[in-house]
Amino acid sequence: MPSPLPETDSASHLDLIVEMTGDFAHSHDVEATLRLGLERIAQRVGAEAASLFLIDEDSGDLVCRANMGPVDVIGLRLAPGTGIVGRTIDLGVPQLVRDTRRDPDFAGAIDAATGFETLSILCAPMAVRGARLGAIELFNKKGGGAFSQTDSRLLQALAASSALALINTRLVADMAEQQGLKRELELASEIQRAMLPGPQPEDSPIHGINLPARGVSGDFFEIIPLPDGRLAFAVGDVSGKGMNASLLMTKTASLFRCLVKREAGPGAILAAINSELLETRMPGMFVTMAAGLFDPASGRAVLAIAGHEPPLLLKDGVFTPIEGEMPPLGIAVELFAGGCPESVVELDGGSLYLFTDGLTEARPRQDAMLESEGARALILNFAAMPAGKRLEAMVRSLDDSGGLLDDITLMVIEDRRDHPPSSEGRTLFERRYPARPEELAAIRAAVSGTARAMGCGESMAGDVVLAVDEACQNIIRHAYRGAEGDIVLRLDREDDRLVIRLMDFAPAVDVAKIQPRPLDEVRPGGLGTHLMRSIMDHVDFLPPPAGIGNLLQMVKRIDPT
Amino acid sequence: MKLETRVTETATVVILSGEVDLRHSPSLRKALMELMLEKRPVAVDLSKVEYIDSSGIAGLVEAYQMARKNGTRFALAAISDPVRRVLQLARLDRVFTIADTVEAALGG
Chain U
5 MPSPLPETDS
15 ASHLDLIVEM
25 TGDFAHSHDV
35 EATLRLGLER
45 IAQRVGAEAA
55 SLFLIDEDSG
65 DLVCRANMGP
75 VDVIGLRLAP
85 GTGIVGRTID
95 LGVPQLVRDT
105 RRDPDFAGAI
115 DAATGFETLS
125 ILCAPMAVRG
135 ARLGAIELFN
145 KKGGGAFSQT
155 DSRLLQALAA
165 SSALALINTR
175 LVADMAEQQG
185 LKRELELASE
195 IQRAMLPGPQ
205 PEDSPIHGIN
215 LPARGVSGDF
225 FEIIPLPDGR
235 LAFAVGDVSG
245 KGMNASLLMT
255 KTASLFRCLV
265 KREAGPGAIL
275 AAINSELLET
285 RMPGMFVTMA
295 AGLFDPASGR
305 AVLAIAGHEP
315 PLLLKDGVFT
325 PIEGEMPPLG
335 IAVELFAGGC
345 PESVVELDGG
355 SLYLFTDGLT
365 EARPRQDAML
375 ESEGARALIL
385 NFAAMPAGKR
395 LEAMVRSLDD
405 SGGLLDDITL
415 MVIEDRRDHP
425 PSSEGRTLFE
435 RRYPARPEEL
445 AAIRAAVSGT
455 ARAMGCGESM
465 AGDVVLAVDE
475 ACQNIIRHAY
485 RGAEGDIVLR
495 LDREDDRLVI
505 RLMDFAPAVD
515 VAKIQPRPLD
525 EVRPGGLGTH
535 LMRSIMDHVD
545 FLPPPAGIGN
555 LLQMVKRIDP
565 T
Chain H
133 MKLETRVTET
143 ATVVILSGEV
153 DLRHSPSLRK
163 ALMELMLEKR
173 PVAVDLSKVE
183 YIDSSGIAGL
193 VEAYQMARKN
203 GTRFALAAIS
213 DPVRRVLQLA
223 RLDRVFTIAD
233 TVEAALGG
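Protein chains in written order, with our numbering: chain U, 5 to 565; chain H, 133 to 240.
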């Protein structure tokens, strides 16, 4: 029978280290590999019994994970610092106890419980780069006597290589787990995409698109044709990101699809979704949502909004946000106890845009545009394209710019009727002026007279005169920059609104550069744009009809007081 | 726009009238800047101003900033309704020292 190797030949122990490393590398069963390694070590050093303790990551307890010898102590749990094994781990160096009766740290209780008589102990720590994993403990040198310093050095080397092998195995396991998670996430993302409506036929009055920022999305949209010819639609955004958000999104979308057949209108649907979501609490998670019914025959949409970005109605180049006052869904049942109010929106030949905050948070290129301005500019940029392609182009422009921070969902509803009844509109004034400061007095007189004639009160007329004057100054100073040119001024009445359009033929103005200055900044200049925006309800640059120059549109509801 | 100055023993009073727009604001700015170089207290009487735009306001802001730098007094007096409205819209009504009369603008 082979006797222990000569003590001087430590190099020959390398074969054991190599074998054990190989075991770890090939095995997926850490427990079995630890057990096999421990047996090899005990055999090589010549011990009657051996135990391998690992530190439990949660409790810090020392747990016996492999065992060799007459009694089985696998699963034995020791408090941190207990016994010789605890001392070895704490000190980080091998402990050689030639006579257990003389070592006060020796835990005799285990012998008493198992019947094994421990005479001597050799214990070495398992650690990698300062990270403590556990220890290997050998009991009673075979053939009597105590363990030697050489045994101690051998065990130290074997324990260190076991520790390294264990760490590697854990890393491999973590990687495998991550791979598994990644596959699951991909699968979830696929399922989710399959749940969202696909591309609509180009002649559909409603189109939607969703672009997840990461694998799964917390956003959703729905387009559901109803038997009576109307279409139900919804756009929603679940708080948070990742798997939880996408599960809640799936639930909310399913609820919408189900409730749309049962409830009378979007307000009732949202109130019912709120109750259903709160049946099973998902603490701290909520859903913002805008839902509605669209009747293509009348061009009328009925909308209900719960904590969601106000949808934008774009009609004749003017944006009108549809504001809602209700909080998000899923916070408290009482909040929707009184139902959810609905808004009736007459599209009247226009388009209604619904979107999630991913759209307003994404920064199109480097423009330092205000959030809602950014969304409006984006919509106008692509307004000429057919709806399906338009949404795709809008979303792609944000993704390409690298500004995609959040999932983006975008929906457009269009009034496709051939001859929508035109709004009560008529041109009250139109004239071409040279873009020169000397003309401003005449322009002011014309605006003042027209505004009063159409029923604007004294104070509104004064304000509007100032807004037009400031807009003309911008054209003279920033668009033409002192060069010769013309300004076309046109005033229209559209329903109860005064619509002012100023057209010039100068090079296109960089809209971002004429943002109003911050109000806390006191300095000359930069005030004009601020005054225009303060006075008017809407100030927007529209695509110029001739394709050159700039078209500024300013709108204000007529105030006769 | 018409601009008159009245020099008293201790201060200079600027009396503006008419419409202060882009056509006239460069001359208002020039006049105020020259005046500020004298480092005397200045009151601007705006009671007869029928219209003022952002370029006119900008001239007043620049004069106000220069006066602050010099540590001299610069106040607006007897502002007309159109001026008050623009100052409000520009949120400058609390930046300027505004008095009901020229005497109060220089005395207070």
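Even for Gly, the Cβ is constructed at its ideal location relative to N, Cα and C.
Just so it is clear, the structure is predicted and the values come from calculations on it, not from any experiment.
Can you find a C-beta in chain H that's less than 8 Å from the C-beta of residue i?
i, result
"H534 (chain U)", "yes"
"D563 (chain U)", "no"
"I480 (chain U)", "yes"
"G233 (chain U)", "no"
"G466 (chain U)", "yes"
"A397 (chain U)", "no"
"I491 (chain U)", "no"
"L506 (chain U)", "no"
"D541 (chain U)", "no"
"P441 (chain U)", "yes"
"Q182 (chain U)", "no"
"E488 (chain U)", "no"
"Q557 (chain U)", "no"
"L502 (chain U)", "no"
"A450 (chain U)", "no"
"A445 (chain U)", "yes"
Which term fits residue i, buried or exposed, when burial requires 16 or more other beta carbons within 10 angstroms of its beta carbon?
i, result
"Q370 (chain U)", "In this predicted model, Q370 (chain U) has a pLDDT of only 45, less than 50, meaning its place in the structure is not dependable enough to derive any value."
"K560 (chain U)", "buried"
"K145 (chain U)", "buried"
"Q153 (chain U)", "exposed"
"S157 (chain H)", "buried"
"S156 (chain U)", "buried"
"A305 (chain U)", "buried"
"L531 (chain U)", "buried"
Between residue i and chain U, is there a C-beta pair that is closer than 8 Å?
i, result
"P214 (chain H)", "yes"
"E151 (chain H)", "yes"
"D185 (chain H)", "yes"
"I211 (chain H)", "no"
"L238 (chain H)", "no"
"L160 (chain H)", "no"
"V218 (chain H)", "yes"
"R155 (chain H)", "yes"
"A190 (chain H)", "yes"
"A199 (chain H)", "no"
"L148 (chain H)", "no"
"L221 (chain H)", "yes"
Looking at the strands, I want to know which residues DSSP matches up with residue i.
i, result
"M415 (chain U)", "U:G212, U:L358"
"K574 (chain U)", "Look at the range of chain U in this structure, 5 to 565, and you will see that residue 574 (chain U) is not part of it."
"V145 (chain H)", "H:R138, H:A175"
"D241 (chain U)", "U:D223, U:T292"
"F433 (chain U)", "U:L495"
"N554 (chain U)", "U:D508"
"H542 (chain U)", "U:V559"
"S258 (chain U)", "Paired residue(s): none; S258 (chain U) is not in a bridge."
"P229 (chain U)", "U:L235"
"S55 (chain U)", "U:N71, U:E141"
Can you name, in chain order, every residue of its own chain whose Cβ lies under 6 Å from the Cβ of residue i, other than the five neighbours on each side?
i, result
"M464 (chain U)", "D563"
"L339 (chain U)", "P331"
"A175 (chain H)", "V145, A207, A209, V234, A237, L238"
"P216 (chain U)", "D411"
"T229 (chain H)", "A207"
"H211 (chain U)", "Q204, A391, G392, L395, V416"
"V312 (chain U)", "One point to set straight first is that residue 312 (chain U) is His, not Val, in the sequence displayed. For H312 (chain U), where only same-chain residues beyond five positions count, the Cβ hits under 6 Å are T292, M293, A294."
"D320 (chain U)", "none"
"P300 (chain U)", "P209"
Ordered along the chain, which non-local residues of its own chain (more than five positions away) have a Cβ less than 7 Å from that of residue i?
i, result
"A131 (chain U)", "G96, L137, A167"
"E43 (chain U)", "M72"
"L363 (chain U)", "A379, I412, L414"
"E52 (chain U)", "G73, F143, N144, K146"
"E513 (chain U)", "Per the sequence presented here, residue 513 (chain U) reads as Val, with Glu not at that position. Excluding positions up to five away in sequence, the list reads H482, A483, N554."
"G271 (chain U)", "A308, G343, C344, P345, E346"
"E151 (chain H)", "M133, E182, Y183"
Residues in the same chain with beta-carbon distance under 8 Å from residue i, minus the five sequence neighbours each way, listed in chain order, please.
i, result
"G90 (chain U)", "L66, L82, A83, P84, D109"
"L555 (chain U)", "R505, L506, M507, F545, L546, P547, P548, P549"
Open item on the list: Extract the residue ranges of the alpha helix (DSSP H) inside the stretch 157-228 of chain H, only unbroken runs of 4 or more that lie entirely within it.
Closed with: Those alpha helix (DSSP H) runs which fall completely within the stretch 157-228 of chain H and span 4+ residues are 157-169, 186-202, 213-221.
- Residue ranges of each alpha helix (DSSP H) within the stretch 28-53 of chain U, 4 or longer: 34-49
Q.
I'd like the ranges of any alpha helix (DSSP H) spanning at least 4 consecutive residues and lying wholly in the stretch 59-136 of chain U.
A. At a cut-off of 4 residues, the continuous stretches assigned as alpha helix (DSSP H) that sit fully inside the stretch 59-136 of chain U are 87-95, 112-118.
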